[in-house]
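Trainee: One structure follows; several queries about it will come next.
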Amino acid sequence: MLKITDLSVHYGVIQALKGVSLEVKEKEIVALIGANGAGKTTLLHAISGLLKKSGGEIEFLGQSIMKKNARDIVKAGITQVPEGRRIFPDMSVAENLWMGAYLRKDKAGIEADLQSVYQRFPRLAERKKQLAGTLSGGEQQMLAMGRALMAKPKLLLLDEPSMGLSPLLVKEIFSIIQDINAQGTTVLLVEQNAKMALGIADRAYVLETGSVVLSGTGAELAASEDIKKAYLGG
Numbered sequence: 001m002l003k004i005t006d007l008s009v010h011y012g013v014i015q016a017l018k019g020v021s022l023e024v025k026e027k028e029i030v031a032l033i034g035a036n037g038a039g040k041t042t043l044l045h046a047i048s049g050l051l052k053k054s055g056g057e058i059e060f061l062g063q064s065i066m067k068k069n070a071r072d073i074v075k076a077g078i079t080q081v082p083e084g085r086r087i088f089p090d091m092s093v094a095e096n097l098w099m100g101a102y103l104r105k106d107k108a109g110i111e112a113d114l115q116s117v118y119q120r121f122p123r124l125a126e127r128k129k130q131l132a133g134t135l136s137g138g139e140q141q142m143l144a145m146g147r148a149l150m151a152k153p154k155l156l157l158l159d160e161p162s163m164g165l166s167p168l169l170v171k172e173i174f175s176i177i178q179d180i181n182a183q184g185t186t187v188l189l190v191e192q193n194a195k196m197a198l199g200i201a202d203r204a205y206v207l208e209t210g211s212v213v214l215s216g217t218g219a220e221l222a223a224s225e226d227i228k229k230a231y232l233g234g
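For the sequence shown, position 51 matches number 51 in the UniProt record's numbering, and the numbering has no gaps at all.
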C-alpha cells in the first residue's frame, strides 16, 4: 500500500532522514519506534506532504506522491493524527469532527461517519457541544483520532498517540487502534511506548538518527535483546 524507497529529508544542512526504506501493506499495523530525534515525526510529515523531500520515492497505492501537496495526499486516502493532538481548542467537539471531513462532499456519508465516530468514542458524543480545549488529554486524543477518521482514510498515520496519557488510557487508545485496524484501516504508528506498539504491530521498524537500523515482526523485535535493552527497559 505504502512503499518508501531511499527517502532523504534535509533541514538546511542537517540530514534528518538518510535513505529510509520501508513498506506498509494493506490492513497491517506497522510500528515505527526509536528515540527522540530519530526522525520518526519527520518521516510522517514527509509522507503527509508537510515537508520537502530531498531524494528517494514515496508510493501510495502504486502512485508516486513525492510531489503531491498535503491536501491531495489527504484526498488520496492518507490522514495523520499529529503529535500533541493539535485539535482546534476554541471550536466544539462536533465542529472539530466536521473539520476532518472538509474535503468531502457526500453529506449523507459524512453524517453516517459522524455517528460512527460517536459510537466508537461515546465520550465525544456526550461532549459534542463542549469546547475541545476543555477536554481531558485522553478525550482530546480520541477527538484527534475521530477527526482523522472523518476523512475516511485508507492509511492512518498516528504520531505518539499515548503521549501524556495515564496507563489506563494508553491501554484504551491502543485497543481503539486495533479496532480501527480490524475494521479495515491500515495503520502506521509512531510511538515511544515501544512495548505497547510492538504488542499490536504486525511488523515494525527501528529508526536511529534518520536511518532504519532494524525491522521485523512486532513479536521478533519485542523478543530482541538489543531492543529490550534500548527501548523496553530490559
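For each residue, glycine too, the CB sits at the ideal point set by N, CA and C.
Who are the near neighbours of G164 in its chain, counting only those whose CB is closer than 8 angstroms to its CB and skipping five residues on each side?
Mentor: The residues are G137.
Trainee: For the alpha helix (DSSP H) holding K40, just list the boundary residues, first then last.
Mentor: First-last of the alpha helix (DSSP H) with K40: K40 to S48.
Trainee: If you count every other CB in all the chains shown that lies within 10 Å of the CB of I78, and 16 or more means buried, which is it?
Mentor: By the neighbour-count rule (16 or more Cβ atoms within 10 Å), I78 is buried.
Trainee: Just verifying my parser: in three-state terms, what is the DSSP assignment at I110?
Mentor: Looking at I110 - three-state DSSP - the assignment turns out to be helix.
Trainee: Distance, Cα to Cα, L124 vs T185?
Mentor: Each residue's Cα considered, the two are about 21 angstroms apart.
Trainee: What is the residue span of the alpha helix (DSSP H) that S175 lies within?
Mentor: Run containing S175: P167 to A182, per the alpha helix (DSSP H) assignment.
Trainee: Could you pull out every residue in the same chain whose Cβ sits closer than 8 angstroms to the Cβ of E172, ignoring the five residues on either side in sequence?
Mentor: Only G138 meet the Cβ criterion.
Trainee: Does DSSP classify Y102 as helix, strand or coil?
Mentor: Correct three-state label for Y102: coil.
Trainee: Count the other CB atoms, across all protein chains shown, that sit within 10 Å of the CB of L168; report buried if there are 16 or more and exposed otherwise.
Mentor: L168 should be labelled exposed.
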